[in-house]
């Protein structure tokens with residue numbers, strides 16, 4: 003079953019604009035992670051936010067976490083064509099089964 | 010470069026056949042995960058190993074099996090292959106699992122004809 007679900011499924015913006023994508027999950031978590039996947043390639047880890055953190059920054063990335071709403075958002079500022087990729091959130095299954103569950107992803111297209 | 014090596018990169022085989030996918034984790038990582046990604050789909054968790062022991066199982070078919078060896082490399086065996094098994098298979102590794110980011114290989118693209 004899906005733990006994380008990203009929204010929107012697809013997003014198309016102009017270079018220089020900001021891109022925001024959201025992730026909702028169903029159960030309590032230890033942490034939430036965001037990954038990027040370029041077409042047909044392996045996923046690349048972007049950022050990890052722990053359940054006791056509310057906001058985290060890394061370069062042009064800003065992640066927020068609202069555990070009361072069971073949701074997270076990823077903001078990419080001043081987007082570039084190279085940011086074109088799929089973005090996934092992943093949550094650690096808290097039931098003790100030691101597995102990370104990925105959402106269905108947001109496909110971001112940045113137009114030059 | 011994530012440090013995770015998957016071989017082969019591409020595999021084309023016929024229905025009913027058996028294949029083995031190999032993964033060498035990043036140096037020092039003890040956990041290995043296997044995921045399946047079908048066309049335009051999310052990642053489906055198959056199985057996880059930690060230091061040679063199976064730690065978690067997902068929706069892995071009975072026709073699929075895996076193991077992690079003492080040197081920590083892992084193999085995913087797919088047998089009695091069906092057309093629907095065509096997908097990208099990713100291996101990822103992490104230091105421990107909990108609160109550790111996953112490092113992904115570039116995947117093996119399996120095509121069953």
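Residue numbers (my numbering), protein chains in the order written: chain F, 3 to 114; chain U, 10 to 122.
All C-beta atoms in this analysis are idealised placements derived from N, C-alpha and C, irrespective of residue type, glycine included.
A quick note: this is a predicted structure, and the numbers were derived from the prediction, not measured.
Proximity of residue i and residue j at Cβ, strictly below 7 Å
i: residue 83 of chain F; j: residue 18 of chain F; result: no
i: residue 50 of chain F; j: residue 33 of chain F; result: yes
i: residue 101 of chain U; j: residue 45 of chain U; result: no
i: residue 87 of chain U; j: residue 75 of chain U; result: no
i: residue 121 of chain U; j: residue 24 of chain U; result: yes
i: residue 85 of chain F; j: residue 112 of chain F; result: yes
i: residue 40 of chain F; j: residue 114 of chain F; result: no
i: residue 7 of chain F; j: residue 30 of chain F; result: no
i: residue 22 of chain F; j: residue 74 of chain F; result: no
i: residue 51 of chain U; j: residue 107 of chain F; result: yes
Opposing strand residues paired with residue i [DSSP bridges]
i: residue 40 of chain F; result: Paired residues: none, contrary to the question.
i: residue 29 of chain U; result: U:86
i: residue 9 of chain F; result: F:24
i: residue 87 of chain F; result: F:110
i: residue 33 of chain F; result: F:52
Classification of residue i by the beta-carbon crowding that lies within 10 angstroms, buried from 16 upward
i: residue 3 of chain F; result: With a pLDDT of 42 at residue 3 of chain F, under the threshold of 50, the modelled position of that residue is not reliable, and no figure is offered here.
i: residue 10 of chain U; result: exposed
i: residue 103 of chain U; result: buried
i: residue 109 of chain F; result: buried
Distance cut-off 6 Å: residue i Cβ against heavy atoms of the ligand PLP
i: residue 17 of chain U; result: As for the ligand PLP, it is missing from this structure, which has no ligand bound.
Exercise for review: Could you list the residues in the stretch 43-74 of chain F with a C-beta less than 8 Å from some C-beta on chain U, going in chain order?
Suggested key: Answer in chain order: 43, 44, 45, 46, 47, 50, 52.
Point to revise | Under 8 Å (Cβ pairs) to chain C, residues found in the stretch 94-111 of chain U | key: This model lacks chain C altogether, as its protein chains are F and U.
Practice task
Taking 8 Å as the threshold, find out whether the stretch 107-118 of chain U comes into contact with the stretch 29-46 of chain F through three or more Cβ pairs.
Solution key: Yes, they touch.
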